[in-house]
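If you use our numbering, the sequence shown corresponds to residues 8 to 200, in order.
Positions of the beta carbon are idealized from the N, C-alpha and C atoms, including for glycine.
Predicted, not measured: the structure shown is a model, and the values here were computed from it.
Below: one structure, written as structure tokens.
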Amino acid sequence: MKSDTDERGLFIPVILGTSRMGRASENVARFVVRHLAAMPGIETHLIDVLELAPRIDGAGEEIKIPAFSELCMRADAFVLVAPEYNHGYPGLLKHVLDTNLKEYIHKAVGICGVSAGNFGGTRVIENLLPVLRELGLVTIFWDGNFSAAQKLFDAAGQLLDPAYVRRIDKFAKELVWMAKVLRYGRERVSLEV
Ligand SMILES: Cc1cc2nc3c(=O)[nH]c(=O)nc-3n(C[C@H](O)[C@H](O)[C@H](O)COP(=O)(O)O)c2cc1C
């Protein structure tokens, strides 16, 4: 069923949420970028919090990073790749997310949790949800859950378990659907009753 008459493409950047040397999350983020880039009508881009190098002598919009804000403004949706650190999210990811607000409002977001343990980052995902809601983002129903992340990719960063392709495809399709619905709403549906 082709139900979408809006032929414009979508821009869905992937935010890699840790600057840790040796981070397994980078393999996850690059895998998600490759998957999105292969979908028709989707443009993507890897946003690495390490490269953003945010100032740490302030917080929130007072330390905006212009290039990051421009990408967020242009985005129709986001993927966050968030490693689980002591059941929470890396402080740097939160610090970077906090630098924008209007850029996120009523846009879709999907989360890929990454963990060494068996729970696929479910605890970092649960902890991110109220933060994303406060930023004005709309979370999707599916998550990416990457357990035992150090063992999921080979030395060249290629995925070793093909089951993740089907899972991330389901995740990406729901994100695309939500991005289209929300773009329609932002552009065509009034907040006035
Ligand atoms: C400070 C810190 C805390 C961590 N806490 C957890 C944890 O609570 N649960 C877990 O499964 N893995 C934990 N890990 C392991 C990471 O989830 C693991 O390294 C995974 O690969 C994702 O992080 P990475 O991208 O930095 O590699 C922790 C790692 C660090 C550095």
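1. Taking 8 Å as the line, does the beta carbon of valine 172 fall inside it for any heavy atom of ligand 2?
2. For phenylalanine 18, which beta-bridge partners are listed by DSSP?
3. So, is asparagine 93 buried or exposed, given that buried needs 16 or more other C-beta atoms within 10 angstroms?
4. So the beta strand (DSSP E) phenylalanine 178 belongs to, where does it begin and stop?
5. Could you tell me if alanine 82 is buried or exposed, where buried requires 16 or more neighbouring beta carbons within 10 angstroms of its beta carbon?
6. Going by other Cβ atoms of all chains shown within 10 Å of its Cβ, with 16 needed for buried, is valine 200 buried or exposed?
7. Could you round the C-beta distance between histidine 113 and glycine 143 to whole angstroms and report it? I think they count as a contact, below 8 Å.
8. Assign isoleucine 118 to one of three DSSP states: helix, strand, or coil.
9. Tell me whether phenylalanine 85 is buried or exposed, calling it buried when 16 or more other Cβ atoms sit within 10 Å of its Cβ.
10. Taking the straight line between their C-alpha atoms, what separation do you get for leucine 139 and glycine 16?
11. Where does valine 145 sit, in a helix, a strand or coil, going by DSSP?
12. By a C-beta neighbour count over all protein chains shown, 10 Å radius and 16 as the cutoff for buried, is glutamate 1 buried or exposed?
13. How is glycine 151 classed by DSSP in three states: helix, strand or coil?
14. In terms of residue numbering, what span does the beta strand (DSSP E) encompassing proline 73 cover?
15. Cα-Cα, which of Leu78, Leu136 and Val183 is closest to glutamate 110?
16. State whether the stretch 94-104 contacts the stretch 21-31, with contact taken as three or more CB pairs (one from each stretch) at a distance under 8 Å.
17. Could you check which residue in Ser197, Pro73 and Ala179 has the C-alpha nearest to that of alanine 36?
18. Using DSSP with H/G/I as helix, E/B as strand and the rest coil, what is alanine 89?
19. If distances are taken between C-alpha atoms only, which option among Glu133, Gly151 and Ala115 comes closest to glycine 192?
Taking the coordinates as given:
1. Of the ligands one can find in the structure shown, namely ligand 1, none is ligand 2.
2. Here phenylalanine 18 is bridged, per DSSP, to Glu50.
3. exposed
4. From DSSP, phenylalanine 178 is part of no beta strand (DSSP E) but of the alpha helix (DSSP H) over 170-195.
5. Alanine 82 should be labelled buried.
6. exposed
7. 6 Å
8. Three-state DSSP puts isoleucine 118 in a strand.
9. buried
10. 24 Å
11. Valine 145 falls in the strand class under three-state DSSP.
12. No information on residue 1 is available, as it lies outside the stretch 8 to 200 that the chain covers here.
13. The answer is strand: DSSP assigns glycine 151 an E or B state.
14. From DSSP, proline 73 is part of no beta strand (DSSP E) but of the alpha helix (DSSP H) over 73-81.
15. Leu78
16. yes
17. Ala179
18. strand
19. Ala115
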